[in-house]
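Chemist: Going by UniProt numbering, the sequence shown opens with residue 1, and the numbers climb by one from there. Ideal Cβ placement from N, Cα and C applies to all residues, glycine included.
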Amino acid sequence: MEAGRLYGIGDLRAAEALLLAERQSDQDLSSRLRVQSRKEIAWAKTRNEEWSPLLLLADGLRLDDADTFRWTPEGAADFVIVSGEKTLNVQCTMAYDEPEDAAYSSGHLHHLEMKHQRENGFYFGGGRISEPTVRDVAEQLTTWRAGIASAVRTKLSNTNYVGQELDLLVYARMCSFDLVDFSLTEVVAPALDAIGKADWGRLFANIYVVDNGEFVRVARD
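1) Could you compute how far the alpha carbon of V35 sits from the alpha carbon of R47?
2) Buried or exposed for residue 229, please, with buried defined as at least 16 other CB atoms from any protein chain shown within 10 angstroms of its CB.
3) In chain order, what are the residue ranges of uninterrupted alpha helix (DSSP H) at least 4 long that sit wholly in the stretch 5–59?
4) Among all the DSSP beta bridges, which residues are the ones paired with T185?
5) Out of D67, I41, Q91, point me to the one whose CA is closest to E85's CA.
6) Would DSSP call A172 helix, strand or coil?
7) Would you mind sorting E50 into buried or exposed? The rule is 16 or more other CB atoms within 10 Å of its CB.
8) Can the beta-carbon of P73 be found closer than 8 Å to that of A3?
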């Protein structure tokens, strides 16, 4: 994907379908993509943390294949989406479960988990990677909410977003798997309430939180 170039949402869907077929037939490619080392696949991290959640957003908003977008990584918005007469300026971010006793920061922890899985065929969740960690569901619900709130607060601290009329897209990868007995809305709503709409609404007209198969939209107005 080239920065600034106009693409159709259908192009994104077709590219992801092709990549899925390649991953299914090449497990080494799939493993390298999960580890997302730029030395191995230059675009892996961008695909996993921006293009993939964009596709989940497109499906959640039921965008048509003919709707268009531009990837604008140097701007305030990571994506500019045009659907009919509407234009969405979307900033992207990742949210992670944040166990209090995790030995590594959230994004780095995910990288190490994927690396351990590639080298050993498994990893343990909960922050210790090579050792099992018993976590209460209520605790994990709390730490996932904290992770989502933290991701939003980090974006709120960026003064470059003031006056840009942005939407925020939060990719809470694996949240639905970890909290299978809770809807994504049940996780997200208290996290955003902890920040307050008056606060996050200063910069964002909408906050979208996505995970595989789940989509939540919280509007400022």
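Modeler: Checking against the coordinates, here is how it stands:
1) 12 Å
2) There is no way to answer for residue 229, as the model of the chain reaches only from 1 to 221.
3) 9–25, 27–35
4) Looking at the DSSP assignment, T185 forms no beta bridge with any residue, so it has no partner.
5) D67
6) coil
7) buried
8) yes
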